[in-house]
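Going by our numbering, the residue at position 42 of the sequence shown is 42; the numbering climbs one at a time, nothing skipped. Note that CB positions come from ideal geometry on N, CA and C, so glycine has one too. Note sheet for the following structure.
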Amino acid sequence: SGAAYLLSLRSRPRPEVISALLALDGVGPKVADCVALFSLDQVDAIPVDTHVWRIACRDYDTSLSACRSLTPAVYERVGDLFRRRFGDHAGWVQRAATPPSPLRLAPPTHRRVAI
Numbered sequence: 001s002g003a004a005y006l007l008s009l010r011s012r013p014r015p016e017v018i019s020a021l022l023a024l025d026g027v028g029p030k031v032a033d034c035v036a037l038f039s040l041d042q043v044d045a046i047p048v049d050t051h052v053w054r055i056a057c058r059d060y061d062t063s064l065s066a067c068r069s070l071t072p073a074v075y076e077r078v079g080d081l082f083r084r085r086f087g088d089h090a091g092w093v094q095r096a097a098t099p100p101s102p103l104r105l106a107p108p109t110h111r112r113v114a115i
């Protein structure tokens, strides 16, 4: 089954897990890294978005600022930078460093919910 296949990925190395997830329709690098980190025990997976990219540019490698967009090569470079800097659990370090969404901080009466 699909669930059994996904769970079997837990014991595989991160690059293999990411490749398997990217082979699924509609799954891009960030979603693959999120699934790998939060569901498949890949604690060194780094979901990179513009916020993580900006943190990497500002705090760890200013040369990344010269990149105009978050290309696949830049995405991989940012992930590698976090893995080198924070080691085996870099994905969790990145998660802890990302501030919560302002929407989560708003009182429930100020949140919009689409149904």
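For this session: Look at the alpha carbon of Asp-61 and the alpha carbon of Ser-1, and state the distance between them as a whole number of angstroms.
Result: Between the alpha carbons of Asp-61 and Ser-1 lies a distance of about 43 Å.
For this session: State yes or no: is the C-beta of Leu-70 within less than 8 Å of the C-beta of Trp-92?
Result: no
Exercise. Within this structure, are the beta carbons of Val-31 and Leu-37 separated by less than 8 Å?
Worked result: It is not a contact, given that the beta carbons lie outside the stated cut-off.
Problem set entry | Rounded C-alpha distance that separates Leu-22 from Pro-29 | 7 Å
Problem set entry | Run of the alpha helix (DSSP H) containing Arg-58, from where it starts to where it stops | 50-59
Exercise. Tell me which same chain residues have a C-beta within less than 6 Å of the C-beta of Tyr-75, skipping the five on either side of it?
Worked result: Pro-29 and Val-48
Exercise. Cβ atoms of Arg-83 and Ile-46: under 8 Å apart, would you say?
Worked result: yes
For this session: Go ahead and label Leu-40 buried or exposed: buried means 16 or more other beta carbons lie within 10 angstroms of its beta carbon, across all protein chains shown.
Result: buried
Problem set entry | Exposed unless 16 or more other CB atoms sit within 10 angstroms - verdict on Ala-56 | buried
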